[in-house]
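So the structure is just underneath, and the comments pick up after that.
There are 2 protein chains.
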Amino acid sequence: MTTPTLRSDARRNRERLVASARELFAAEGVDVPVEEITRHAGVGMGTLYRHFPTKEDLVDAVLEDAFAELVRLAEEAAAADDAWAGFTGFLEQALTRHAANRGLKDVLASEHGRQRAQAMRERIRPLLRRLIERAQEQGALRPDFTAEDLPLVFWTAGRVIETTAAFAPDHWRRYLGLLLDGLRAEAASPLPAPPLTQAQLARAARRQHG
Amino acid sequence: MTTPTLRSDARRNRERLVASARELFAAEGVDVPVEEITRHAGVGMGTLYRHFPTKEDLVDAVLEDAFAELVRLAEEAAAADDAWAGFTGFLEQALTRHAANRGLKDVLASEHGRQRAQAMRERIRPLLRRLIERAQEQGALRPDFTAEDLPLVFWTAGRVIETTAAFAPDHWRRYLGLLLDGLRAEAASPLPAPPLTQAQLARAARRQHG
DNA sequence: CGCGAAACGGAGTGGTCGCTCCGCTTTCTG
DNA sequence: CAGAAAGCGGAGCGACCACTCCGTTTCGCG
Numbered sequence: 097m098t099t100p101t102l103r104s105d106a107r108r109n110r111e112r113l114v115a116s117a118r119e120l121f122a123a124e125g126v127d128v129p130v131e132e133i134t135r136h137a138g139v140g141m142g143t144l145y146r147h148f149p150t151k152e153d154l155v156d157a158v159l160e161d162a163f164a165e166l167v168r169l170a171e172e173a174a175a176a177d178d179a180w181a182g183f184t185g186f187l188e189q190a191l192t193r194h195a196a197n198r199g200l201k202d203v204l205a206s207e208h209g210r211q212r213a214q215a216m217r218e219r220i221r222p223l224l225r226r227l228i229e230r231a232q233e234q235g236a237l238r239p240d241f242t243a244e245d246l247p248l249v250f251w252t253a254g255r256v257i258e259t260t261a262a263f264a265p266d267h268w269r270r271y272l273g274l275l276l277d278g279l280r281a282e283a284a285s286p287l288p289a290p291p292l293t294q295a296q297l298a299r300a301a302r303r304q305h306g
Numbered sequence: 097m098t099t100p101t102l103r104s105d106a107r108r109n110r111e112r113l114v115a116s117a118r119e120l121f122a123a124e125g126v127d128v129p130v131e132e133i134t135r136h137a138g139v140g141m142g143t144l145y146r147h148f149p150t151k152e153d154l155v156d157a158v159l160e161d162a163f164a165e166l167v168r169l170a171e172e173a174a175a176a177d178d179a180w181a182g183f184t185g186f187l188e189q190a191l192t193r194h195a196a197n198r199g200l201k202d203v204l205a206s207e208h209g210r211q212r213a214q215a216m217r218e219r220i221r222p223l224l225r226r227l228i229e230r231a232q233e234q235g236a237l238r239p240d241f242t243a244e245d246l247p248l249v250f251w252t253a254g255r256v257i258e259t260t261a262a263f264a265p266d267h268w269r270r271y272l273g274l275l276l277d278g279l280r281a282e283a284a285s286p287l288p289a290p291p292l293t294q295a296q297l298a299r300a301a302r303r304q305h306g
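Set out below in structure tokens:
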């Protein structure tokens, strides 16, 4: 983390790039062409690529705050006395962010991220694992649900958001409602297949998109 | 439906194209480059485009049988005495086809299809609508579920299939199990958002992918 | 068999994208 | 205030895609 004292114009341009990218990624997703980002920032392509070796590095940098907020949400959820409320509240809050930020959804749904995205996942994982266990001990969450099933919720809700957010911005809440009714302990009937292993999850990560 | 008596080589090449496309679409999805299809069929690009004005027309022609099979499945489901069994059985059977045929999943999830895909949808729709009503009258399916919620099931299950089919070909069944447990009448708690209108569904159709 | 029409094939077009290269400009130091 | 170093910009590259165009080949009728 050396900060090699950027020249003033360099620092200004870097900030403009991050600001433009943040805006465009949130509104249109991470697939906006880099050329559009540089045009919006009023700089050239060369400037972008001197600051960020690849587009993915830019994505990772831009979404740093959003990742931090998700970590904070997970910490709050983990602290809830009512573990079911913490669990459902986390899903609602996290998905609200997904719906408001297409770029965040793209990165989380596809696990495309770089270091920062991975770091966030690793901070969140144990918090949610504990939360799931507690919700099961409290008799609220079905006992056959595992932490490895959680990505399923985000992948599928992400699809609903992609499909409906443009004209029914809250529709994913209906989907989440249906799904959560299936996650309650009282609703559980035997499942026909085991959860994914962690190795399989890692493969799934690589499989999304590119 | 005029059949203008194709020359023998033309007919043979057309069949080869359809056979190659069927194989490649099923295995790799509709995004296989057309050049790969023509190479596999042993013909030139020109030959493909004389028979099918666009790639989408080829897709539509290739999947005709798969569409017909889905219609048949819906008819069988609609005839079931136990409407819940018919409903869940249809979902299982239809998703089994999705999992076995990436191209079918691509077209159905994204409503990309041409005439034949649309025709299939219009034949299936009233059958499933009746089935849903009957399952609700029999007290099995939650009463706030509507026919307009069904695409949600296919969109989301499609995502699970995309993500996991390569290494856990049955994992979508676990997802479907969780979701179905939320669709039973006993599991229902109030939903926070109304179903999509048909106009919104039409917009969602256009929104997927391209 | 011969000839016109039908069909063929594949290089080429135009579009998109992430990314690079290098001649030019700006900043900052002594 | 001058010169070196740091930074800049954007045309161009290469990869990929669906699709077209036209000189060549094949078919099948008379």
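Protein chains in written order, with my numbering: chain A, 97 to 306; chain B, 97 to 306. All residues carry an ideal CB built from backbone N, CA and C; glycine is no exception.
Practice item. May I ask you to list the residues that DSSP assigns as paired with R280 (chain A)? Key: The residue labelled residue 280 (chain A) in the question sits at position 184 within the first sequence. DSSP, once it has assigned bridges, lists A:L237 as partnering R280 (chain A).
Review point. What three-state label does DSSP hand A167 (chain A) in the structure shown?
Key: Taking the first residue of the first sequence as position 1, residue 167 (chain A) is located at position 71. According to the sequence shown, residue 167 (chain A) is Val rather than Ala. Helix at V167 (chain A).
Exercise for review: Within its chain, find whatever has a CB closer than 8 Å to the CB of P239 (chain B); leave out the 5 residues flanking it on each side and keep chain order.
Suggested key: Reading the second sequence from its first residue, position 143 is the one you call residue 239 (chain B). For P239 (chain B), the CB contacts under 8 Å within the same chain, skipping 5 residues up- and downstream, are Q232, A281 and A284 in chain order.
Check your understanding: Whose CA, out of A:L187, A:E244 and A:G182, lies closest to the CA of A236 (chain A)?
Key -> Position 140 of the first sequence, counted from the first residue, corresponds to residue 236 (chain A). Nearest C-alpha to A236 (chain A) among A:L187, A:E244 and A:G182: A:G182.
Practice item. Output the residue ranges of the alpha helix (DSSP H) runs that lie fully inside the region 188-239 of chain B and measure 4 residues or longer, sorted by chain position. Key: The region 188-239 of chain B contains these whole alpha helix (DSSP H) runs: 198-206 and 211-233.
Practice item. Would you tell me roughly how many angstroms separate the C-alpha atoms of D156 (chain B) and F148 (chain B), rounded to the nearest one? Key: Residue 156 (chain B) sits at position 60 when you count from the first residue of the second sequence. Residue 148 (chain B) sits at position 52 when you count from the first residue of the second sequence. Computed Cα separation, rounded: 10 Å.
Review point. Which residues of chain A have a Cβ atom closer than 7 Å to the Cβ of H267 (chain B), listed in chain order?
Key: On the second sequence, residue 267 (chain B) is found 171 positions in, with the first residue counted as 1. Under the 7 Å cutoff, chain A gives A289 and L292.
Practice item. Inspect the beta-carbon positions of L287 (chain A) and R270 (chain B) and report whether they are closer than 8 Å. Key: Taking the first residue of the first sequence as position 1, residue 287 (chain A) is located at position 191. Taking the first residue of the second sequence as position 1, residue 270 (chain B) is located at position 174. Inclusion of L287 (chain A) and R270 (chain B) in the CB contact set at 8 Å is warranted, their separation being smaller than that value.
Review point. If you measure from the CB of D105 (chain B), is any heavy atom of the ligand NAP nearer than 7 Å?
Key: You won't find the ligand NAP in this model; it holds no ligand whatsoever.
Practice item. Note down the Cα distance separating F186 (chain B) from V203 (chain A), rounded to an integer number of angstroms. Key: The residue given as residue 186 (chain B) occupies position 90 in the second sequence. The residue given as residue 203 (chain A) occupies position 107 in the first sequence. It is roughly 33 Å from the alpha-carbon of F186 (chain B) to the alpha-carbon of V203 (chain A).
Point to revise | Cutoff 7 Å; reference T192 (chain A); Cβ partners in own chain excluding five residues on either side | key: The count along the first sequence starts at 1 and reaches residue 192 (chain A) at position 96. Excluding sequence positions up to five before and after T192 (chain A), its CB lies less than 7 Å from no other CB in the same chain.
Check your understanding: At a CB-CB cut-off below 9 Å, which residues of chain B make contact with Q296 (chain A)?
Key -> Residue numbering aside, residue 296 (chain A) sits at position 200 when the first sequence is read from its first letter. Simply T260, F263, A264 and H267.
Check your understanding: Of all the options A:D153, A:L113, A:G142 and A:L274, which has the alpha carbon lying nearest to the alpha carbon of Q214 (chain A)?
Key -> For the purposes of this step, residue 214 (chain A) is taken as the residue at position 118 of the first sequence. Residue A:D153 is the option with its Cα nearest to Q214 (chain A).
Point to revise | Own chain, CB closer than 7 Å to A179 (chain B), minus 5 neighbours either side, in chain order | key: Here residue 179 (chain B) corresponds to residue number 83 of the second sequence, with the count starting at 1. Here the set comprises L227, R230, A231, Q234 and A236.
Review point. In three-state DSSP terms, what is G273 (chain B)?
Key: For the purposes of this step, residue 273 (chain B) is identified with residue 177 of the second sequence, where counting begins at 1. In this structure, G273 (chain B) counts as helix in the three-state DSSP scheme.
Point to revise | Span of the alpha helix (DSSP H), counted from its first residue to its last, around T259 (chain A) | key: Residue mapping note: residue 259 (chain A) aligns to position 163 of the first sequence, counting from 1. Bounds of the alpha helix (DSSP H) holding T259 (chain A) are L246 to T260.
Exercise for review: Step through the CB atoms of chain B and report whether any lies within less than 8 Å of the CB of L246 (chain A).
Suggested key: In the first sequence, residue 246 (chain A) corresponds to position 150, counting from 1. No, because no Cβ of chain B sits closer than 8 Å to the Cβ of L246 (chain A).
Practice item. Anything in chain B within Cβ reach of A176 (chain A), meaning under 9 Å, just list it in chain order. Key: Counting from one through the first sequence, the residue named residue 176 (chain A) turns up at place 80. Residues of chain B with a Cβ closer than 9 Å to the Cβ of A176 (chain A) do not exist, since the nearest Cβ in that chain sits about 19 Å away.
Exercise for review: Could you name the residues of the same chain whose beta carbon sits closer than 8 Å to that of F263 (chain A), not counting the 5 residues immediately before and after it, in chain order?
Suggested key: The residue you call residue 263 (chain A) lines up with position 167 of the first sequence. Hits under 8 Å: none found.
Review point. Does the beta-carbon of F300 (chain B) have 16 or more other beta-carbons within 10 angstroms, so that it is buried, or is it exposed?
Key: Position 204 of the second sequence, counted from the start, is the residue given in the question as residue 300 (chain B). Here residue 300 (chain B) turns out to be Ala, not Phe, going by the sequence shown. Label assigned to A300 (chain B): buried.
Review point. In three-state terms, what does DSSP make of R103 (chain A)?
Key: Taking the first residue of the first sequence as position 1, residue 103 (chain A) is located at position 7. R103 (chain A) falls in the coil class under three-state DSSP.
Point to revise | chain B contact for A284 (chain A) (CB, 8 Å cutoff) | key: Here residue 284 (chain A) refers to the residue found at position 188 when the first sequence is read from its first residue. Yes, because at least one Cβ of chain B sits closer than 8 Å to the Cβ of A284 (chain A).
Point to revise | Other residues of its chain near L279 (chain A): CB distance less than 8 Å, five sequence neighbours each side excluded | key: Counting from 1 along the first sequence, the entry for residue 279 (chain A) is found at position 183. If the five residues before and after L279 (chain A) are omitted, its C-beta is found closer than 8 Å to the C-beta atoms of L237, R238 and F241, all from its own chain and listed in chain order.
Practice item. Taking only beta-carbon positions, decide if A300 (chain A) is within less than 8 Å of chain B. Key: Residue mapping note: residue 300 (chain A) aligns to position 204 of the first sequence, counting from 1. Judged by the 8 Å Cβ criterion, A300 (chain A) is in contact with chain B.
Exercise for review: Can you pull the chain B residues whose beta carbon is under 7 Å from the beta carbon of V256 (chain A), in chain order?
Suggested key: Locating residue 256 (chain A) in the first sequence gives position 160, counting from the first residue. Residues of chain B passing the Cβ test: L248, W251 and T252.
Review point. Would DSSP call V126 (chain B) helix, strand or coil?
Key: Here the question's residue 126 (chain B) lines up with position 30 in the second sequence. It is coil, neither helix nor strand.
Check your understanding: Looking at the unbroken alpha helix (DSSP H) that takes in T143 (chain A), where does it start and where does it end?
Key -> Position 47 of the first sequence, counting from 1, holds the residue named residue 143 (chain A). Per DSSP, T143 (chain A) belongs to the alpha helix (DSSP H) from M141 to H147.
Check your understanding: Does G235 (chain B) get closer than 8 Å to chain A when you measure Cβ to Cβ?
Key -> Locating residue 235 (chain B) in the second sequence gives position 139, where the first residue counts as 1. Using beta-carbon distances, G235 (chain B) does not count as an interface residue toward chain A, since no partner is under 8 Å.
Point to revise | Chain-ordered residues of the region 200-234 of chain B with a beta carbon less than 9 Å from chain A | key: Answer set for the region 200-234 of chain B: A205.
Practice item. Would you verify that the beta carbon of D156 (chain A) is, or is not, closer than 8 Å to some beta carbon of chain B? Key: As a first step, residue 156 (chain A) is located in the first sequence; it is residue number 60 there, counting from the start. Not closer than 8 Å to any Cβ of chain B, the Cβ of D156 (chain A) fails to qualify, so no.
Practice item. Note down the Cα distance separating G306 (chain A) from S206 (chain B), rounded to an integer number of angstroms. Key: One-based indexing of the first sequence puts residue 306 (chain A) at position 210. One-based indexing of the second sequence puts residue 206 (chain B) at position 110. Its pLDDT being 42, under 50, G306 (chain A) is placed unreliably by the model, and the measurement read from it follows with that caveat. G306 (chain A) and S206 (chain B): Cα-Cα distance of roughly 19 Å.
Review point. Does the beta carbon of Y271 (chain A) come closer than 8 Å to any beta carbon on chain B?
Key: Sequence index remark: in the first sequence, residue 271 (chain A) carries index 175 (1-based). Yes, Y271 (chain A) counts as interfacial toward chain B.
Review point. T143 (chain A) and T134 (chain A): beta carbons closer than 8 Å?
Key: Within the first sequence, the letter at position 47 stands for residue 143 (chain A). Within the first sequence, the letter at position 38 stands for residue 134 (chain A). Against a cut-off of 8 Å, the Cβ pair of T134 (chain A) and T143 (chain A) comes out as a contact.
Review point. Where does H138 (chain A) fall in DSSP's three states?
Key: Translated into the one-based positions of the first sequence, residue 138 (chain A) becomes position 42. The sequence given here has Gly at residue 138 (chain A), not His. Three-state DSSP puts G138 (chain A) in coil, outside helix and strand.
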